[in-house]
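Participant:
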Amino acid sequence: MKLSEYFEKAEGIGVLATADAEGKVNAAIYARPYFPDEADETTLAFIMGDRNSHDNVCANPSAAYLFIEEGADYLGKRLSLTRIKEEADRDKIRSLCRRKTTAEEDVGKIRFLVYFRIDGVRPLIGTGET
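Positions 13 to 142 (our numbering) are the ones given, in order, by the sequence shown.
1. Please determine if the stretch 34-42 and the stretch 88-101 are in contact, where contact requires at least 3 C-beta pairs separated by less than 8 Å.
2. Roughly how many angstroms lie between the CA atoms of S16 and F47, to the nearest whole one?
3. Hey, would you say Y86 sits closer than 7 Å to L136, going by beta carbons?
4. How long is the line joining the alpha carbons of T30 and A71, rounded to whole angstroms?
5. Compute the beta-carbon to beta-carbon distance between A57 and L125, rounded to the nearest angstrom, for a pair I have assumed lies under 8 Å.
6. What would DSSP say about K104, mapped onto helix, strand or coil?
7. If you follow the alpha helix (DSSP H) that E17 is part of, which residue opens it and which one closes it?
8. Could you tell me which residues DSSP puts in a beta bridge with F47?
9. Just verifying my parser: in three-state terms, what is the DSSP assignment at D67?
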């Protein structure tokens, strides 16, 4: 199964871990990633507010995303990521957002669509090697 299909169907909780330029770590709950180009399984994106995680990936492009599937088993994915670019197009971000908002509700909110290269994918538990 393609990674984009996995995240389209999977239900669970995600955590994005980032570190600032000095190595101080931050972890935050994040929704499932977006895959901007269905044919490209090497790039994903997150909508990020103007907060610690965004500040950190601007200073240090390395990040990790841990996704824990709902259920009793320890299933999920661990992704190693590197920030490659970002954009701040409000209309594009609003169109991607799973929680729909109006332009009026977005007034004053600063959000970015941050793109990451996927450097590695592992299962939640173990190395994935058999």
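No residue lacks a Cβ here, since even glycine has one placed at the ideal position from N, Cα and C.
Facilitator: With the structure as the only source:
1. No: the two stretches stay apart, fewer than three of their Cβ pairs being nearer than 8 Å.
2. Each residue's CA atom was taken as its position, placing S16 and F47 some 6 Å apart.
3. yes
4. 10 Å
5. 5 Å
6. helix
7. L15 to K21
8. Beta-bridge partners of F47 (DSSP): none assigned.
9. DSSP places D67 within a helical segment (H, G or I) once states are collapsed to three.
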